[in-house]
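Numbering (our numbering), first residue to last: 1 to 254.
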């Protein structure tokens with residue numbers, strides 16, 4: 001896995017609300033501060049960038065087509081909850097949707113929309129433990145795996161595997177998929193070395209240490225290490241994006 005950095009999201013510079021660190025991974029306090037800034041800037045989901053929303057809509061509708069009627073579904077690390085609110089508005093009559101996140105502030109808009117019993121706030125009351133005791137037909141992690149080191153991601157995926165029904169599945173939807181040739185890897189490594197040098201000299205900051213990008217082989221190895229018997233992956237290709245996904249099912253024999 002390879003570290004990456006960011007300076008802003010949703011048009012909000014991180015330096016506006018926090019001390020940016022290129023060595024310390026952003027944690028719950030950082031994300032809470034970010035979401036407070038976001039809710040000051042935007043009034044609701046529809047006020048967010050239209051292009052970003054359109055991309056999320058495509059992924060959400062693809063994901064919804066995988067849910068059988070009556071399915072219990074859990075979104076782990078739902079963040080702002082844009083995909084989840086779309087699922088709730090369009091499919092709440094046929095699925096039982098639950099959401100869980102690690103930053104309490106991120107859930108503000110979802111709390112106005114979904115029943116409290118369906119919202120599991122890890123930071124506030126540790127209700128992820130209750131969520132993990134329940135059984136689900138499908139657990140999905142959308143654009144959140146980047147923030148976890150390999151061991152932490154394996155641990156989380158092991159927990160989600162244990163919370164699946166017999167035929168259940170876990171799906172990761174990645175925005176941090178690394179797909180590069182050997183030549184591209186060499187060029188990127190050189191650029192990264194220059195950025196590191198400039199940052200260490202105080203000449204140009206890399207930005208906030210945001211997480212990791214991973215290759216297909218790394219994703220597959222992580223799901224197998226988490227104990228899934230069957231691992232499949234592919235790409236959702238739409239007119240606007242190409243999004244990597246990977247799915248785990250079953251329990252591997254010891």
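In this text, a Cβ means the ideal position worked out from N, Cα and C, and glycines have one as well.
Of the candidates 1, 2 and 6, the residue whose Cα lies closest to the Cα of residue 207 is 6.
Nearest in C-alpha terms to residue 154, of all of 172, 2 and 16, is 172. Under the three-state reduction of DSSP output, residue 87 falls in the helix class.
Per DSSP, the continuous alpha helix (DSSP H) segment holding residue 152 begins and ends at 150-162. In the three-state reduction of the DSSP assignment, residue 112 falls in the coil class. In the DSSP assignment, residue 75 is bridged to 99 and 140. In the DSSP assignment, residue 219 falls outside any beta strand (DSSP E) and within the unbroken alpha helix (DSSP H) covering 216-225. Rounded to the nearest whole angstrom, the CA to CA distance from residue 239 to residue 66 is 20 Å. Residue 85 is classed as buried because its beta carbon has at least 16 other beta carbons within 10 Å across all chains shown.
Secondary-structure assignment with DSSP links residue 249 through a beta bridge to 169 and 230. For residue 242, the closest alpha carbon among the candidates 58, 80, 13 and 29 is that of 58.
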